[in-house]
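Okay, structure first, notes after.
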Amino acid sequence: RSALYGVLVQIYMDKYSWHSALDAIDNALQVLPRTQHRLLLYKYRVLIKSKLGLSISMDMQKFREQGEIALAKMWRQVAL
């Protein structure tokens, strides 16, 4: 199910509908079980929030749990 939400978010991102994509992610994170599959949605959430100029510090904590390399890769994506 998380992959389907990922596709939906990608469609919104392709249309530059950042707020709609963020709403879809928030909805998905409420209904999906707490598993590793949600990590893709958190990645999209960080990227969208950075595009909107919103704070990403709380969301980046999810990547600290994945290790330093995952955290560094995410910071690199945000910087690009």
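Here the sequence shown is numbered in my numbering, starting from 1302 and rising by one per residue.
Glycine included, each C-beta is placed from N, C-alpha and C at the ideal position.
Computed from a predicted structure; not experimentally measured.
Problem - Cβ neighbour criterion (16 or more within 10 Å) applied to Y1317 - result: Taking the sequence shown and counting its residues from 1, one reaches residue 1317 at position 16. Y1317 should be labelled exposed.
Exercise for the section: Would you mind sorting V1332 into buried or exposed? The rule is 16 or more other CB atoms within 10 Å of its CB. Expected result: What you label residue 1332 is simply residue 31 of the sequence shown in a count that begins at 1. Exposed, because fewer than 16 other Cβ atoms sit within 10 Å of the Cβ of V1332.
Practice task
Would you give the residue range spanned by the alpha helix (DSSP H) that R1346 belongs to?
Solution key: Stepping through the sequence shown from its first residue, residue 1346 is reached at position 45. That run of the alpha helix (DSSP H) goes L1340 to L1353.
Exercise for the section: Taking all protein chains shown into account, decide if I1349 is buried (16 or more other Cβ within 10 angstroms of its Cβ) or exposed. Expected result: On the sequence shown, position 48 is the one that residue 1349 refers to. Flag for I1349 reads buried.
Problem - DSSP-derived helix/strand/coil call for R1365 - result: Within the sequence shown, residue 1365 is the residue found at index 64, counting from 1. The answer is helix: DSSP assigns R1365 an H, G or I state.
Problem - C-alpha distance - F1364 paired with L1330, whole-angstrom precision - result: The sequence position of residue 1364 within the sequence shown is 63, counting from 1. The sequence position of residue 1330 within the sequence shown is 29, counting from 1. Their backbone Cα atoms lie some 16 Å apart in a straight line.
Practice task
Would you check if the distance between the CB atom of V1379 and the CB atom of Y1345 is smaller than 9 Å?
Solution key: Position 78 of the sequence shown, counted from the start, is the residue given in the question as residue 1379. Position 44 of the sequence shown, counted from the start, is the residue given in the question as residue 1345. Against a cut-off of 9 Å, the Cβ pair of Y1345 and V1379 comes out as no contact.
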